[in-house]
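To start, the structure itself, in structure tokens.
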Amino acid sequence: MSRVQLAINVTDIDAAVAFYTKLFGTGPAKRKPGYANFAVDEPALKLVLIENPSAAGTLNHLGVEVFSTAQVAAAQRRLEEQGLATADESGVCCYARQEKVWVNDPDGAPWEIYTVLADSEVAGSGLHDTGSEGVACGAGVYATGEVADVAAGEASVTGCC
159 MSRVQLAINV
169 TDIDAAVAFY
179 TKLFGTGPAK
189 RKPGYANFAV
199 DEPALKLVLI
209 ENPSAAGTLN
219 HLGVEVFSTA
229 QVAAAQRRLE
239 EQGLATADES
249 GVCCYARQEK
259 VWVNDPDGAP
269 WEIYTVLADS
279 EVAGSGLHDT
289 GSEGVACGAG
299 VYATGEVADV
309 AAGEASVTGC
319 C
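For what it's worth, the working numbering labels the leading residue of the sequence shown as 159, then goes sequentially.
Written as structure tokens, this is what we have:
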């Protein structure tokens with residue numbers, strides 16, 4: 159089983175949570191300052207809201223939530239066998255310890271295939287983060303500064319959840 163993830167930037171987290179609660183008929187599965195995620199059964203969707211009023215657009219990133227590290231590893235192998243550049247990630251991001259792999263579409267939109275291993279009280283900051291201080295998830299840059307060049311055929315990592 160898996161579900162599509164849509165992570166969007168919002169200007170007002172409280173207004174967005176109220177709207178999406180009404181739209182999908184369910185409240186957030188996780189709510190933290192500046193962050194909320196919804197695990198919607200119908201349609202099968204993981205909706206992530208990231209308060210980021212200065213963002214250039216509403217799309218933060220896209221993803222597919224799977225439910226095991228074996229599924230993440232299998233997806234990474236499959237993508238690489240198809241000639242796609244991937245970026246491996248593990249650590250704490252968006253209030254969860256995760257294992258994931260990133261790939262960009264031809265226009266540079268970042269997609270993550272991920273599984274949540276455990277909840278965290280720390281927001282985390284992204285690529286290979288273990289909960290240390292750093293840029294908040296979804297801000298577009300990781301604490302490590304690792305943002306690869308898409309034109310060079312590398313996957314870039316620009317968000318997390």
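Quick reminder that beta carbons are idealized off the backbone N, C-alpha and C, glycines included.
Burial state of residue i, where buried means 16 or more other Cβ atoms lie within 10 Å
i	result
A245	buried
A194	buried
K258	buried
P268	buried
A165	buried
Length of the line joining the Cα atoms of residue i and residue j
i	j	result
K123	A233	What is shown of the chain runs 159 to 319, which leaves residue 123 out entirely.
E247	R255	11 Å
V168	L242	30 Å
P186	V175	7 Å
A214	T227	33 Å
R189	Q163	16 Å
K180	L217	21 Å
I171	P201	22 Å
F177	D263	29 Å
G296	D265	Confidence is the limiting factor: at G296 the pLDDT is only 40, short of 50, which leaves the residue's position unreliable, though a coordinate-based value still follows. Spanning the two alpha carbons is a distance of roughly 19 Å.
Reference residue i, options the options, closest by Cα
i	options	result
V274	E239, L237, V222, R236	V222
I271	G183, V230, D170	V230
G192	F177, K180, P201, I208	I208
Y253	A173, P201, A276, H219	A276
Cutoff 8 Å; reference residue i; Cβ partners in own chain excluding five residues on either side
i	result
F182	F196, V198, L203, L205
L220	V162, Q163, L164, A165, A267, P268, W269, E270
Residue-level contact to chain B via CB, residue i, 8 Å cutoff
i	result
G221	This model lacks chain B altogether, as it is built from one protein chain only.
Pair within 8 Å by beta-carbon distance, residue i and residue j
i	j	result
S160	V261	no
Nonlocal neighbours in the same chain, by C-beta distance under 7 Å from residue i, ignoring five residues either side
i	result
P211	T169
E238	T244
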